[in-house]
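K.L.:
There are 2 protein chains.
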Amino acid sequence: MEVIATLEEHALKEYKWEDEELWISNYVARARIKTDYKVNSLLHHEVSPFQEISIVDTKGFGRMLVLDGVPQVSSKEGFIYNEMISHIPIITHPDPKVVGMIGGGDCGPAREAMKYSGIEKISVVEIDQQVTDVCRTWLTPSSHYDSDKRFSMIHKDGVDWIQENKGNYDVLMIDRSDPVGPAAKLFNQGFYKDVFECLTDEGVAVFQSGSPFYNTSTLRKTYHSLCELFPIVRTYLVTIPLFPCGLWSFTIASKKFDPLDADLSRLKAEDTKYINSEIVYASFVLPNYVKEILESN
Amino acid sequence: MEVIATLEEHALKEYKWEDEELWISNYVARARIKTDYKVNSLLHHEVSPFQEISIVDTKGFGRMLVLDGVPQVSSKEGFIYNEMISHIPIITHPDPKVVGMIGGGDCGPAREAMKYSGIEKISVVEIDQQVTDVCRTWLTPSSHYDSDKRFSMIHKDGVDWIQENKGNYDVLMIDRSDPVGPAAKLFNQGFYKDVFECLTDEGVAVFQSGSPFYNTSTLRKTYHSLCELFPIVRTYLVTIPLFPCGLWSFTIASKKFDPLDADLSRLKAEDTKYINSEIVYASFVLPNYVKEILESN
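First to last, the sequence lines map onto chains A and B. Each step along the first sequence adds one to the number in UniProt numbering, with nothing skipped, and position 66 is 66. Each step along the second sequence adds one to the number in UniProt numbering, with nothing skipped, and position 45 is 45.
1. Can you have a look at residue 17 of chain B and say buried or exposed, based on whether 16 or more other CB atoms are within 10 angstroms of its CB?
2. For the ligand GDP, is there any heavy atom lying closer than 7 Å to the beta carbon of residue 275 of chain B?
3. Start and end of the beta strand (DSSP E) containing residue 34 of chain B?
4. Thinking just about the alpha-carbon of each residue, which of B:293, B:288, B:88 and B:38 is nearest to the one in residue 62 of chain B?
5. Run down chain B in chain order and give the residues with a C-beta less than 8 Å from the C-beta of residue 15 of chain A.
6. In terms of residue numbering, what span does the alpha helix (DSSP H) encompassing residue 355 of chain B cover?
7. With 8 Å as the threshold, decide whether the Cβ of residue 35 of chain A is near any Cβ in chain B.
8. Within 10 Å of its beta-carbon, does residue 205 of chain B have 16 or more other beta-carbons around it, so buried, or fewer, so exposed?
9. What does a CB cutoff of less than 6 Å around residue 236 of chain A pick up in its chain, not counting 5 residues either side in sequence?
10. Here's a check: name, in chain order, each residue in its chain whose Cβ is nearer than 7 Å to the Cβ of residue 158 of chain B, leaving out the five neighbours to either side.
11. Are the beta-carbon atoms belonging to residue 33 of chain A and residue 60 of chain B less than 8 Å from one another?
12. Mind checking residue 108 of chain B: buried by the 16 CB within 10 Å criterion, or exposed?
13. Over the uninterrupted alpha helix (DSSP H) stretch that includes residue 312 of chain A, give me the two end residues.
14. Return the Cβ separation of residue 64 of chain B and residue 274 of chain B in integer angstroms, given the expectation that the two are a contact with Cβ distance under 8 Å.
15. State the DSSP-derived secondary structure class of residue 285 of chain A, mapped to helix, strand or coil.
16. Is the CB-CB distance between residue 221 of chain B and residue 197 of chain B below 8 Å?
17. So, are the CB atoms of residue 150 of chain B and residue 112 of chain B less than 8 Å apart?
18. In terms of residue numbering, what span does the alpha helix (DSSP H) encompassing residue 86 of chain B cover?
19. What does the alpha-carbon distance come out to for the pair residue 212 of chain A and residue 163 of chain B?
20. For residue 258 of chain B, collect the residues of the same chain with a Cβ closer than 8 Å to its Cβ; drop the 5 residues on either side in sequence, then sort them by chain order.
21. Go through its chain and collect everything with a Cβ distance to residue 15 of chain A's Cβ below 8 Å, but skip five positions before and after it.
22. For the alpha helix (DSSP H) holding residue 194 of chain A, just list the boundary residues, first then last.
23. In terms of alpha-carbon separation, which member of B:28, B:49 and B:116 lies closest to residue 270 of chain B?
24. Please confirm whether residue 198 of chain B has its beta-carbon closer than 8 Å to some beta-carbon of chain A.
25. List, in order along the chain, the chain A residues whose C-beta lies closer than 8 Å to that of residue 250 of chain B?
26. Are the beta-carbon atoms belonging to residue 49 of chain A and residue 247 of chain B less than 8 Å from one another?
27. Kindly indicate the opening and closing residues of the beta strand (DSSP E) around residue 162 of chain B.
28. Would residue 201 of chain A be called buried (16 or more neighbouring beta carbons within 10 Å of its own) or exposed?
29. Taking the Cβ atom as the reference point for each residue, do residue 179 of chain A and residue 216 of chain A lie within a distance shorter than 8 Å?
30. Would a C-beta distance cut-off of 8 Å place residue 44 of chain B and residue 138 of chain B closer than the cut-off?
31. Run through DSSP, which three-state label would residue 277 of chain B get?
32. Should residue 226 of chain A be labelled buried (16 or more other beta-carbon atoms within 10 Å of its own) or exposed?
33. Among the candidates B:254, B:173 and B:47, whose CA atom is the shortest distance from the CA of residue 208 of chain B?
34. Report the partner residues of residue 251 of chain B according to the DSSP bridge assignment.
35. Short of 6 Å in beta carbon distance, which residues of its chain neighbour residue 253 of chain B, apart from the five on each side in sequence? Order them along the chain.
36. How about residue 241 of chain A: is its C-beta nearer than 8 Å to some C-beta of chain B?
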């Protein structure tokens with residue numbers, strides 16, 4: 001087993017040895033469930049000013065980016081999150097030129113956005129440059145996107161960046177992690193107002209809005225906060241095997257265009273592994289218990 | 001904490017103590033992932049001729065039925081499985097009178113079937129009477145269904161039962177657990193042929209067909225085996241938070257009626273918590289990576 005020296009040094013609480021095997025554990029305090037992944041090798045570990053960053057290789061998920069002990073994206077199923085946060089808002093807007101993304105230092109959603117030739121500018125705002133560097137080394141070769149002149153990476157606090165870019169963006173993707181640590185302020189009402197003002201008058205934004213199963217308050221608050229600002233707000237669902245309990249939500253907020261009226265012929269799904277034109281509408285169909293979360297106060 | 005004496009006696013491998021807390025662990029060897037649930041109390045434990053049966057109370061899922069260490073159904077989200085295995089085959093057939101179910105000793109799907117007044121007979125075939133008894137005591141009060149004269153519970157091996165009931169059934173639900181232990185023979189080609197012969201000429205069957213994420217072979221084999229026998233075979237998806245990685249599949253096999261042509265006005269969804277008329281069609285929309293599983297050999 002390949003294990004770097006820093007493991008014992010840092011005594012990371014999310015790692016544990018069992019019968020001479022290394023496991024990484026993701027604990028959801030709210031539901032008191034833990035998901036443990038057998039680690040074939042801990043490929044990399046470092047501590048940035050913002051968080052602990054590691055890359056592990058696992059049997060079930062391949063390579064995994066782990067931030068502060070929480071798995072964020074894996075090589076085996078990262079396409080699900082990346083495709084579903086990007087294509088839907090992009091096709092909701094009939095002709096987006098300027099696209100921005102807060103978070104998502106692995107640039108997965110940005111690579112999906114690049115498939116749309118009409119897009120002229122793609123900005124990724126990632127607070128933690130070390131996350132970007134680690135992802136480029138271990139997860140996604142940079143050649144895919146460094147050669148695309150439309151793409152720029154900005155290492156800055158997303159809250160500061162969005163206040164400096166009023167009225168410029170056609171599509172914004174808020175690829176925030178859980179509402180703890182550096183991402184916490186991306187869940188405030190003030191931030192939602194900043195997003196509204198960063199968009200053009202026809203702009204569309206999408207937000208990672210949490211698990212509808214074990215964390216109903218994140219979804220409910222996101223939905224209701226956006227309804228106060230945007231005329232069109234819709235939640236859609238996706239199953240992400242890496243995330244606890246699987247079921248996850250995104251919430252789209254739009255000033256003019258309804259995602260249910262999106263022109264599906266615009267969808268660039270030639271080489272996607274998850275999304276297709278039928279999935280777009282189907283993702284907005286909610287089970288009754290999820291509808292109840294949105295309808296309750 | 002309320003913990004029955006048999007715990008230490010049996011030294012169940014799926015239970016473990018950590019910092020004076022009891023946890024139950026569900027291990028998926030195929031993907032080398034474990035999901036651990038904090039147990040508030042181990043309410044019941046017994047060993048039947050077929051399996052270990054326990055009922056635990058957990059924070060995240062409420063009461064849970066656990067067979068041989070594998071969580072089967074929970075009070076918090078059991079409605080998802082129960083509604084999705086039952087309503088879809090029932091409305092696929094335009095006028096089902098005789099409905100059978102193999103497995104599912106908790107009778108959840110049978111309770112959904114009872115909502116359809118046209119159904120005249122509902123037989124549940126559960127090999128393990130002790131599972132039924134434990135569920136009646138701890139999970140689902142029997143008053144709901146004992147008063148329904150259409151309902152009968154048969155404690156018998158499903159394979160024997162199905163061979164004795166040729167040509168009788170309009171709808172069959174194969175609520176089998178994983179292809180290990182007593183349920184293994186419910187995954188053989190011979191069993192699929194028995195199901196075909198147990199159905200009327202217009203019959204519809206549905207099968208639990210495994211995780212499309214970490215166990216692609218169960219889904220692929222189920223789908224291809226059924227395609228050899230039935231003219232109409234379709235897989236649909238559901239997210240079950242209790243099951244590892246969340247994403248799960250059911251596969252419907254039909255002699256005459258296509259579930260995509262089902263009369264949605266027949267759906268009895270007045271008090272369902274998951275299913276509604278839009279969900280029926282949306283559940284059959286598959287992400288590309290799941291389509292690829294079905295299309296590959």
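Where is the CB? At the ideal position from N, CA and C, for every residue including glycine. Bear in mind that the values here come from a model prediction, so they are computed numbers and not experimental data.
P.N.:
Judging by the given coordinates:
1. exposed
2. The ligand content of the structure shown is nil, which means the ligand GDP is not present either.
3. Secondary structure note for residue 34 of chain B: its beta strand (DSSP E) is the uninterrupted segment 33–47.
4. B:38
5. What residue 15 of chain A touches in chain B: nothing, since even the nearest Cβ is about 14 Å away.
6. As displayed, chain B neither begins before 1 nor continues past 297, which places residue 355 of chain B out of reach and without an answer.
7. yes
8. buried
9. If the five residues before and after residue 236 of chain A are omitted, its C-beta is found closer than 6 Å to the C-beta atoms of 250, 283 and 284, all from its own chain and listed in chain order.
10. 102, 103, 125, 127 and 186
11. yes
12. buried
13. This structure does not reach residue 312 of chain A, given that chain A is present from 1 up to 297, and the question cannot be answered.
14. Incorrect: roughly 18 Å between the Cβ atoms, too far for contact.
15. Correct three-state label for residue 285 of chain A: coil.
16. no
17. When the beta-carbon positions are compared, residue 150 of chain B and residue 112 of chain B stay at least 8 Å from each other.
18. 78–92
19. 43 Å
20. 92, 232 and 234
21. 7, 22, 23, 24, 25, 39 and 42
22. 189–198 is the span of the alpha helix (DSSP H), which, as asked, contains residue 194 of chain A.
23. The option with the nearest alpha carbon to residue 270 of chain B is B:116.
24. no
25. Residues of chain A passing the Cβ test: none, with the nearest at roughly 14 Å.
26. no
27. Unbroken run through residue 162 of chain B is the alpha helix (DSSP H), 158–163; no beta strand (DSSP E).
28. exposed
29. no
30. yes
31. helix
32. buried
33. B:173
34. B:207 and B:235
35. 205, 226, 230 and 233
36. yes
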